[in-house]
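Okay, so the sequence shown: first residue is 942 according to the working numbering, each after it adds one.
All remarks here apply to the structure that follows.
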Amino acid sequence: MLTLDVFRETVEKSPDDQTLLRAAECALLQSKANPEKHWEAALRIVDTSEMQQLNAQYRDQDRPTNVLSFPADLPADVTLDLLGDIVICAPVVQEEAATQGKPLAAHWDHMLIHGMLHLLGFDHESDAEATHMELLETQALATLGWPCPYYADPAHLAQGTSG
């Protein structure tokens, strides 16, 4: 089970809370996270100015980006199942969807799934990690009825992928 607290800090249109929760839950299922736990995460939807500030502060990149994830860093004695925070920049997501010729709803789902997987400890620093994370994203998106966001043929993702 997942509680996703959504904070909209921009006037840009974004999916409703139920749609966002559904995509986040798909990421949890693909990650094989313990389904018995009551997971919690926060999603903040922002404009380009705020995202640029966050990206500069935390990644030393002075430009807006589509999604940032901030995994919870709790002391060992705290037993909350708090995953952390995701920040999505609505204007960047809209621009990317248009530029890439993707349905806006599919790109929103992809960005939230991507952010959730980061909160769950997945990364794409190495080729192997990227391949595995892309596979999980593609599988989660498929459960929502969306095609692979990376390639026309998602079969390449299964090649050379281990656990």
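All C-beta atoms, glycine included, are put in the ideal place defined by N, C-alpha and C.
Note that this is a predicted model, so its numbers are computed, not measured.
Burial is judged here by how many other beta carbons sit within 10 angstroms of a residue's own beta carbon; Met992 has at least 16 and is buried. For Glu950, no alpha helix (DSSP H) encloses it, and the DSSP letter there is neither H nor E. Taking 3 residues as the minimum length, the beta strand (DSSP E) runs contained wholly in the stretch 952-1033 are 980-987, 1008-1012, 1023-1030, in order along the chain.
Cys1030 and Phe948 have their alpha carbons spaced roughly 12 Å apart. Under DSSP, the beta-bridge partners assigned to Leu943 are Trp980.
In this structure, Asn1007 sits near Val1033, with a CB-CB distance shorter than 8 Å.
Ranked by Cα distance from Leu1045, the first of Ala1071, Glu966, Pro1005, Gln1035 is Gln1035. Taken in chain order, the unbroken stretches of alpha helix (DSSP H) that lie wholly in the stretch 1027-1083 and span 4 residues or more are 1031-1041, 1045-1060. Short of 6 Å from the beta carbon of Gly1056, and not among the five residues preceding or following it, lie these beta carbons of its own chain, in chain order: Val1008, Ser1010, Ile1027. Closest by C-alpha distance to Gln994, out of Glu1070, Pro1005, Leu984, is Pro1005.
Here Leu1061 really is in contact with Ser972; their C-beta atoms are around 5 Å apart, less than 8 Å.
Within the same chain, Cβ atoms closer than 8 Å to the Cβ of Leu1024 are found at Trp980, Glu981, Ala982, Pro1012, Ala1013, Met1057, Leu1060, Leu1061, the five residues on either side in sequence being excluded.
In this structure, Leu945 places its C-beta atom within 8 Å of the C-beta atom of Ala965.
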